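Notes follow the structure.
Numbering (my numbering), first residue to last: 2 to 255.
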């Protein structure tokens with residue numbers, strides 16, 4: 002009788018279509034995964050009657066047994082792709098994502114959109130199965146030397162002063178329309194920036210939730226654009242107004 006039952010099971014396997022076998026295999030693989038919900042939250046970002054959230058996100062990396070307990074340096078993150086992430090950087094109290102992970106060891110790396118932005122965070126993890134949590138805290142050092150920014154030119158300083166007199170609000174800050182007017186007044190017509198690009202530039206700055214830029218931020222922004230424009234002109238060897246992959250690789254190393 003047992004043999005008859007086994008024969009029936011074998012016949013059942015043989016009668017499965019390729020699609021059914023693929024689905025069954027997928028279900029077996031899915032059963033091996035662990036479902037977790039990871040949430041990164043910002044601490045102490047509410048000040049009096051306003052909030053000042055940083056743009057934050059997190060990435061999840063799988064750590065091999067030989068790397069556990071060691072300092073994960075730049076080489077680790079250059080050679081390993083994240084197995085999960087929260088998505089785009091968002092200026093809100095918390096970002097979260099539901100993940101399905103293989104059994105193993107992982108590290109969750111929270112980060113801010115702008116480098117060196119100070120902040121405090123905590124992580125909440127919910128899972129269907131038991132797990133072991135720990136903190137791997139270490140200091141990250143950079144091999145780059147700090148350099149002084151290029152001082153703003155007198156001409157650009159005059160343009161900034163005039164724009165702030167004409168367009169700045171009561172708090173002495175420029176909105177996206179003022180930023181667009183200023184930038185397009187000092188760069189060549191062929192490279193004028195549309196409103197949406199200017200809006201994205203503002204989002205990349207620490208605006209304290211106001212979507213406007215201070216005088217100092219505008220000065221730094223204009224200096225950075227001048228530097229990028231100078232690098233572009235230097236490596237656009239054929240003066241085509243575009244960069245080939247070879248020209249771009251040289252410019253990125255500048």
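Every residue, glycine too, gets a C-beta built ideally from N, C-alpha and C. Predicted model only: the values in this text are computed from it and were never measured.
Have a look at the DSSP bridge pairing and note the partners of residue i.
{"i": "residue 94", "result": "None; residue 94 has no bridge partner."}
{"i": "residue 85", "result": "61"}
{"i": "residue 43", "result": "122"}
{"i": "residue 72", "result": "DSSP lists no partner for residue 72."}
{"i": "residue 214", "result": "175"}
{"i": "residue 38", "result": "99, 127"}
Does DSSP put residue i in a helix, a strand or coil?
{"i": "residue 204", "result": "helix"}
{"i": "residue 129", "result": "coil"}
{"i": "residue 111", "result": "strand"}
{"i": "residue 101", "result": "strand"}
{"i": "residue 134", "result": "coil"}
{"i": "residue 80", "result": "helix"}
{"i": "residue 234", "result": "helix"}
{"i": "residue 229", "result": "helix"}
{"i": "residue 143", "result": "Confidence in residue 143 is poor, its pLDDT being 49 and thus under 50, which makes the residue's placement too unreliable to answer from."}
{"i": "residue 106", "result": "strand"}
{"i": "residue 224", "result": "helix"}
{"i": "residue 196", "result": "helix"}
{"i": "residue 152", "result": "coil"}
{"i": "residue 116", "result": "coil"}
{"i": "residue 20", "result": "helix"}
{"i": "residue 67", "result": "helix"}
{"i": "residue 183", "result": "helix"}
Less than 8 Å between C-beta atoms, sequence neighbours within five positions excluded: which residues of the same chain meet that for residue i?
{"i": "residue 186", "result": "160, 164"}
{"i": "residue 214", "result": "174, 175, 180, 203, 206, 208, 222"}
{"i": "residue 69", "result": "106"}
{"i": "residue 226", "result": "184, 188"}
Tell me where the beta strand (DSSP E) around residue i begins and ends.
{"i": "residue 188", "result": "Premise fails: residue 188 is in no beta strand (DSSP E) and is neither H nor E."}
For residue i, count neighbouring C-beta atoms within 10 Å of its own C-beta (all shown protein chains included) and say buried if the count is 16 or more, exposed if not.
{"i": "residue 143", "result": "For residue 143, the pLDDT reaches just 49, beneath the cut-off of 50, and the residue's location in the model is therefore unreliable, leaving the point undetermined."}
{"i": "residue 79", "result": "exposed"}
{"i": "residue 59", "result": "buried"}
{"i": "residue 172", "result": "exposed"}
{"i": "residue 47", "result": "exposed"}
{"i": "residue 93", "result": "exposed"}
{"i": "residue 100", "result": "buried"}
{"i": "residue 158", "result": "exposed"}
{"i": "residue 199", "result": "buried"}
{"i": "residue 166", "result": "exposed"}
{"i": "residue 230", "result": "exposed"}
{"i": "residue 55", "result": "buried"}
{"i": "residue 43", "result": "buried"}
Within the continuous alpha helix (DSSP H) that includes residue i, where are the two ends?
{"i": "residue 252", "result": "246-253"}
{"i": "residue 239", "result": "No alpha helix (DSSP H) holds residue 239; DSSP gives it neither H nor E."}
{"i": "residue 162", "result": "155-168"}
Might you give, ordered along the chain, the residues of its own chain that have their beta carbon closer than 7 Å to the beta carbon of residue i, omitting 5 neighbours on each side?
{"i": "residue 194", "result": "181, 184, 185"}
{"i": "residue 41", "result": "57, 59, 87, 95, 96, 111, 122, 124"}
{"i": "residue 23", "result": "none"}
{"i": "residue 109", "result": "39, 59, 61, 124"}
{"i": "residue 218", "result": "206"}
Once you ignore the five residues that flank residue i on each side, which residues in its own chain have a CB closer than 6 Å to its CB?
{"i": "residue 248", "result": "236"}
{"i": "residue 127", "result": "38"}
{"i": "residue 239", "result": "none"}
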